[in-house]
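Counted from 1, the sequence shown has number 325 at position 85 by my numbering; the numbering is strictly sequential. Where a beta carbon is used, it is the ideal one built from N, C-alpha and C, also for glycine. Model, not experiment: these values are computed from the prediction.
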Amino acid sequence: MHKIEEYGIFGALNYKNFRPPLHQPILSQCLKNQAFNLALDVGCGVGHSSIGLSHFCKRVTGYDISKYMLKHVIKHEKITYTSTKPIIEYDLLCFFGSLNYVTESDVIGFIKNLTINGKIICCDFKINYNPILKILKINPSEKGYNYQKNLNDYNLNLKLIESKSSSFEFECDSIQLSHLMLTEPNIKKLISKKNVGQKKLSQILLKELNDELPSKRIKISSKGYCMLYNNRT
C-alpha cells in the first residue's frame with residue numbers, strides 16, 4: 241500500500257494531475273482479450289490503474305489506505321473506491337505498482353477472496369528520467385525500489401501464466417513532467433534540499449524544466465512489467 245508519509249496531499253495531487261498513459265497498454269500485454277466480472281485493485285491511488293482495469297472488467301473496486309489518494313480519485317461509472325478492505329469475491333486481483341508496499345500475509349489475505357479460477361496480475365513501470373536529469377544537472381540516488389517484484393518468491397501455490405516486459409514511449413509537457421518527477425521520492429528529496437514549501441518546490445522545478453528543455457513537448461521512454469498468475473496450479 242502507498243506509504244502515507246510519502247504520498248500526502250501534494251503527492252496525491254501530483255498523481256491526479258498526471259500519470260503516463262501506460263496502465264491499459266501494460267495490462268493488455270497479459271490480459272489481452274480476457275474479460276472479468278469484478279477486479280480488486282490493491283493500492284489504487286487516485287485511480288489510474290483502476291481505469292485501466294475497467295477496459296477488461298464489468299466492475300472494479302479500487303482499494304487504498306491513503307485518505308489523500310482517495311480524496312482525489314478519478315471518478316468512473318465502473319469503479320467504486322474504498323479505504324476498507326473489501327470482503328467480496330472477485331475474479332481478478334491486481335497489484336499495479338503496489339506490491340512493494342504489501343506483505344506476503346497481506347497478499348494471502350487478498351487471495352482468500354479470489355474465485356477458484358481467478359487471476360492475479362502484478363504490474364509496474366519504470367520511467368527513464370536520465371536524459372532529463374542530465375539536462376537539469378542533478379544526480380539523485382537510486383530509488384531502492386523493485387519494479388519487477390512479483391509473487392514467484394512466495395509459497396502461494398500459484399501458476400504463472402504469462403510474463404511480459406516491454407518498452408513504451410509517451411509524450412508530455414513540462415507541467416506534466418514536473419508532476420511526474422515529484423512523485424519519485426529520490427528526485428523529490430534532492431530537489432527538496434532547496435528548503436522551500438511543496439507548492440514553491442513545484443514552481444521551482446517547472447521553471448527549471450521550462451528554462452532547460454529544448455522543446456515544449458518531451459518524449460519519455462519507459463519499461464513496463466507484467467506477470468499474470470492463475471489462482472490454482
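Where residue i sits in the DSSP three-state scheme
| i | result |
| --- | --- |
| I431 | helix |
| V347 | helix |
| G302 | strand |
| G292 | helix |
| N395 | coil |
| N340 | helix |
| K404 | strand |
| L204 | The chain is shown only over 241 to 473; residue 204 falls outside these bounds and no answer can be derived. |
| L449 | helix |
| H242 | Only weak support exists for where H242 lies, its pLDDT of 44 falling under 50; the value from the coordinates is given anyway. If DSSP states are grouped into helix, strand and coil, H242 belongs with coil. |
| L262 | coil |
Bounding residues of the beta strand (DSSP E) (the contiguous stretch that carries residue i)
| i | result |
| --- | --- |
| N470 | 457-470 |
| A279 | 276-282 |
| L354 | 354-367 |
Anticipated Cβ contact below 8 Å, residue i with residue j, distance rounded
| i | j | result |
| --- | --- | --- |
| C362 | F335 | 5 Å |
| E411 | R457 | 5 Å |
| I360 | L391 | 7 Å |
| Y394 | E344 | 5 Å |
| L396 | I427 | The pair is not a contact, with the Cβ atoms about 34 Å apart (cut-off 8 Å). |
| L417 | L449 | 6 Å |
| K272 | R299 | Not really, about 20 Å apart at Cβ, beyond 8 Å. |
| L398 | Y469 | 4 Å |
Host alpha helix (DSSP H) of residue i (start-end)
| i | result |
| --- | --- |
| G251 | 249-257 |
| Y387 | Per DSSP, Y387 belongs to no alpha helix (DSSP H) and is neither H nor E. |
| L310 | 307-311 |
| P380 | Per DSSP, P380 belongs to no alpha helix (DSSP H) and is neither H nor E. |
Per DSSP, cross-strand counterpart(s) of residue i
| i | result |
| --- | --- |
| E409 | S461 |
| Y321 | G302 |
| L271 | The partner list for L271 (beta bridge, DSSP) is empty, contrary to what the question assumes. |
| L536 | Nothing about residue 536 can be reported from this structure: the residues present for the chain run from 241 to 473 only. |
Segment contact, 8 Å Cβ cut-off, at least three pairs: the stretch 458-473 with the stretch 364-384
yes
Counting Cβ pairs, one atom from each stretch, are 3 or more of them under 8 Å apart for the stretch 274-284 and the stretch 322-342?
yes
At least 3 beta-carbon pairs within less than 8 Å: the stretch 319-332 vs the stretch 256-265:
no
Quick check: the stretch 291-305 against the stretch 444-454, are there 3 or more CB pairs under 8 Å?
no
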